[in-house]
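Colleague: Same order as they appear, the protein sequences are chains X and P.
If you read the first sequence in our numbering, its first letter stands for residue 51, the second for the next number, and so on.
If you read the second sequence in our numbering, its first letter stands for residue 4, the second for the next number, and so on.
Note that the Cβ used here is the ideal one computed from N, Cα and C, for glycine as well.
Bear in mind the structure is a predicted one, so any value in this text is a computation, not a measurement.
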Amino acid sequence: MSAVKVLIVDDEQDFATALAERLRLRGYEATAIFSPDDALATTKEMQPDVVLLDLRLPGVSGIEMLMTMREFVPGVEIILLTGHLDLAQRIQGMRLDAFEYIMKPIEIADLINKIEKVGKHRDRT
Amino acid sequence: MKIRRKLFLAFTIYMVLALIPSLFAFREMDTLRKRLKPVEIAGDITNVFLNVRRQEKNFLLLKDQDSLQLLRKQIAMLKGNINDIETDIIRELGKQNYQSLRSALTKYEGIVQLLSDNFTLQHTAVNELTRLGRDIEKQLSERDLQTFLVLRRHEKNLIIHRDANAIEQFRSVYAPMRASAPAELSQYASIAERLYLLYYEEKSLDSEMRKYASDIQTLVESVLQGEREDIDNLLIMSMYLLLGALVTILTIGIIINTRLANSIVRPIRLLEKFTKRVATGDFSDPPVIEGSHEIAALAMALNQMASRLKDTVSSLELAIRNLHDKQEQLVEAEKLASLGRIAAGVAHEINNPLAIINEKAGLMQDILQLSDDFQHKEKFLAQIEGIVNSINRCRIITHRLLGFARRIEVTIEPFELNEAIRETVTFLQNDVLSKMVRIDLNLAGDMPEIRSDKIQLEQVFLNLIKNAIDAVAEGGLISISTSRRDDQSVQVSISDNGPGIPKDMIQHIFEPFFTTKERGKGTGLGLFVSHAILKKLGGKIQVQSESGRGTTFVLQIPVRLLPDQEAPQ
């Protein structure tokens, strides 16, 4: 079983790089990027298994980003990250199969659990 | 009594009372008018009597038949006048005096007749005396003639002077002649004697007639005088009667008017006072005005109006109070919404740097754990652990704040309250089992379906039951009951047998960031958020706590959260 590929998209550079490194220390193939433009290109190129996506990226609606990513990588699992709860966006996110949702600051154990679930999900499909 | 009838009655009484003295005065005037006639006649009588006296003088002077006739005519007229007002004269003089008047008149008339006869006899005697004298003169001798001429001179003296002296002288001259006197001479002398007698008689008749005339005059004048006095008295009486009538009318008028005015004005004053009081909002003591008159009807209408006004005012006041309450709720909701927005903004701003700290500290931990031992490795790890714990505390706080902000929005759906409570309890099963707590459910069977925000109410139940679980000792008891309060609201009470809340703290428990739990275990937001949710959903949360016996939270929840009760978003 190859390493699970995780793409972190967050404009908080410090957060994204630190989290990426912690995931890598735990054996994941984690990449962090900080701008939505890069995000789509990298997604297309990298074909990640899991995307950790901050819904509040400057200039882009998180929902649009989700839909585009789904086009580029069919079957990709998306976990939404946010410092802010937004009910409407959450519901829409659910309908798009963004079935997990994590509030910042993240508990690493919690995140690992979710990624593992996603991994198992992916293995079955 | 109706005012119109009252006025009419008063007016009628007034008129009748005024009419009575007026009628008396009228009758008095009428008597006066009737009495004027006799006065006039009495005046006439006086005048006629004066005429009688004038004719009497003429008669006595002229002694002829014409003047006698004129005198008789006047006397007849006087008698007629006296007959005309016989009753009045009797009233004035009395019966006796009237009789004496009549008899004086009759006697007067008789004397006039006697005088008239006397005058005729005188005339005849004088004529005969003159004729006999001339006859005798022719037959006498010179010597006898001289003596007889003396006698004739005395005869003339007698006719002119008519006194005793004249007849004495006549007699003295005649005496010597008597014995030898022829028949003619003695006849002449006897006629002279008779003439003297007639003269004497005339004198006494004359004086008698004057006496009667003066009697008649006195009586007639006293009749006139009496009549005049009567009229005068009548006039004075009428005057007093009129004066009395005037005073009576005035007095009665004033009394009737005053009483009438009082009876009309007094109730109006009462109404006026009440109206003024109503104007100041005092509806107490409505005036009681008995009777069936217009003012009583007015008072009744006014009282009805006042009581309706009172109802209207109180319903307006109620409406205003409701409006105030609504306004306060709106303001409260707006405050909550603002607070929510601020809380969310702060939480979000803090969450991002907190996330960075979290990842950096986490990375440090990771790296240290993978590293070989070095001098202060354990110390470093301990420090990092402290950082991570603090971050966790911060995270709980910011998540609660964000949760509070999200709960500002309300989603109404119909649901069963009992069901929601059961779900919440099920959700807490792990905590219940781990602490060996017993939860008693006393859920009422007749609970209505609720229309409210189910998720938020579940959040409240969750907070309260969790607090209760935290409060009780191991094996503690928590009882939850539901009941129907009225048609509009239901009640949920959650009790525990924990240590209770100290009295000095109970007033602060719904304030944000207030907690009795040990440091790091409570956020101080659970009850604050629950309170805010209940308030927003139109309900209430109350707490009863007794030190050492436990705490009970009582929730009142409206059955139906109407759209206008929802807080704005």
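Could you tell me how far apart the beta carbons of P:Y215 and P:I114 are, in whole angstroms, since I believe they sit closer than 8 Å?
Modeller: 7 Å
Colleague: Can you name the start and end residues of the alpha helix (DSSP H) that P:V226 belongs to?
Modeller: First-last of the alpha helix (DSSP H) with P:V226: 186-282.
Colleague: Please name the residue, chosen from P:M508, P:Q116, P:N260, that lies closest to P:M212 on a Cα-to-Cα basis.
Modeller: P:Q116
Colleague: Does the contact criterion of 3 or more C-beta pairs under 8 Å hold for the segment 70-85 of chain P versus the segment 23-34 of chain P?
Modeller: no
Colleague: Can you tell me whether P:G389 is buried or exposed? The criterion is at least 16 other CB atoms within 10 Å of its CB, across all chains shown.
Modeller: With a 10 Å radius around the Cβ and a threshold of 16 neighbouring Cβ atoms, P:G389 comes out exposed.
Colleague: I'd like to know whether the C-beta of P:E362 is nearer than 8 Å to at least one C-beta of chain X.
Modeller: yes
Colleague: Name the DSSP beta bridge partners of P:D494, please?
Modeller: Correcting the residue type first, residue 494 of chain P is Gln in the shown sequence and not Asp. Looking at the DSSP assignment, P:Q494 forms a beta bridge with P:S486, P:Q559.
Colleague: Is it the case that the CB of X:E166 approaches a heavy atom of the ligand FAD more closely than 7 Å?
Modeller: Although the ligand FAD was asked about, the structure shown includes no ligands whatsoever.
Colleague: For P:T519, name the three-state secondary structure that DSSP assigns.
Modeller: coil
Colleague: Could you please give me the residues that DSSP links to P:F418 through a beta bridge?
Modeller: P:I453
Colleague: Within the chosen definition, does the segment 502-516 of chain P reach the segment 478-494 of chain P through at least 3 CB pairs nearer than 8 Å?
Modeller: no
Colleague: How about P:G529: is its C-beta nearer than 8 Å to some C-beta of chain X?
Modeller: no
Colleague: Assign X:E114 to buried or exposed, taking buried as 16 or more other Cβ atoms, counted over all protein chains shown, within 10 Å of its Cβ.
Modeller: Classification of X:E114: exposed, given that the 10 Å Cβ count is below 16.
Colleague: So, P:T251 versus P:L20, is the Cβ gap smaller than 8 Å?
Modeller: Between P:T251 and P:L20, the C-beta gap is smaller than 8 Å, which places the two residues in contact.
Colleague: Check for me: the alpha helix (DSSP H) holding P:K1 runs from which residue to which?
Modeller: Nothing in the structure corresponds to residue 1 of chain P, since chain P is present only between 4 and 572.
Colleague: Is it the case that the segment 246-265 of chain P contacts the segment 282-289 of chain P, given that we only count it when at least three CB pairs across the two stretches are under 8 Å?
Modeller: Not touching, per the Cβ criterion.
Colleague: According to DSSP, is P:N466 helix, strand or coil?
Modeller: helix
Colleague: What residues in its chain sit with their C-beta under 6 Å from that of P:N54, if we drop five residues either side in the sequence?
Modeller: Q77
Colleague: Based on DSSP bridge pairs, tell me the residues matched to X:V101.
Modeller: X:L57, X:I128
Colleague: For a quick check, are the C-beta atoms of P:R231 and P:V51 less than 8 Å apart?
Modeller: no
Colleague: Is there a Cβ of chain P sitting closer than 8 Å to that of X:D64, yes or no?
Modeller: yes
Colleague: So with CB distances below 8 Å, who are the chain P contacts of X:I158?
Modeller: G365
Colleague: Mind checking the segment 67-79 of chain X against chain P and listing, in chain order, the residues whose C-beta falls within less than 7 Å of any C-beta there?
Modeller: A68, L69, E71, R72, L75
Colleague: Do the segment 195-213 of chain P and the segment 125-139 of chain P touch if we need at least three Cβ pairs shorter than 8 Å?
Modeller: yes
Colleague: Along chain X, in chain order, which residues have C-beta atoms closer than 7 Å to that of P:D369?
Modeller: R72, L75
Colleague: How big is the Cα-Cα spacing for X:A70 and P:H327?
Modeller: 56 Å
Colleague: Using 8 Å as the limit for Cβ to Cβ distance, is P:I323 near chain X?
Modeller: With a threshold of 8 Å between beta carbons, P:I323 makes no contact with chain X.
Colleague: Could you name the residues of chain X that P:R398 contacts, counting a contact when the two beta carbons are closer than 7 Å?
Modeller: P155
Colleague: In whole angstroms, give me the CA-to-CA distance for P:D166 and P:L132.
Modeller: So the two alpha carbons sit approximately 17 Å from each other.
Colleague: Just to confirm, is the Cβ distance from P:N470 to P:V532 under 8 Å?
Modeller: 8 Å or more divides the Cβ of P:N470 from the Cβ of P:V532.
Colleague: Have a look at the DSSP bridge pairing and note the partners of P:G553.
Modeller: P:E549
Colleague: Sorted by chain position, which residues of the same chain lie with C-beta nearer than 8 Å to P:R487's C-beta, five sequence neighbours on each side aside?
Modeller: A447, D449, M450, P451, V493, Q494
Colleague: Hey, does P:I345 have any beta-carbon neighbour from chain X nearer than 8 Å?
Modeller: no
Colleague: Quick one: Cα of P:I48 to Cα of P:Q68, how far?
Modeller: Looking at the two C-alpha atoms, the distance is approximately 24 Å.
Colleague: Do you know whose CA, among P:Q372, P:E171, P:S225, lies nearest P:A385's CA?
Modeller: In terms of CA proximity to P:A385, P:Q372 leads the group P:Q372, P:E171, P:S225.
Colleague: Using a Cβ-Cβ cut-off of 7 Å (strictly less than) and excluding sequence neighbours within five positions of P:N421, which residues of its own chain qualify?
Modeller: Taking P:N421 as the centre and dropping the five residues before and after it, the same chain places the C-beta of L446, M450, T485 closer than 7 Å to its C-beta, in chain order.
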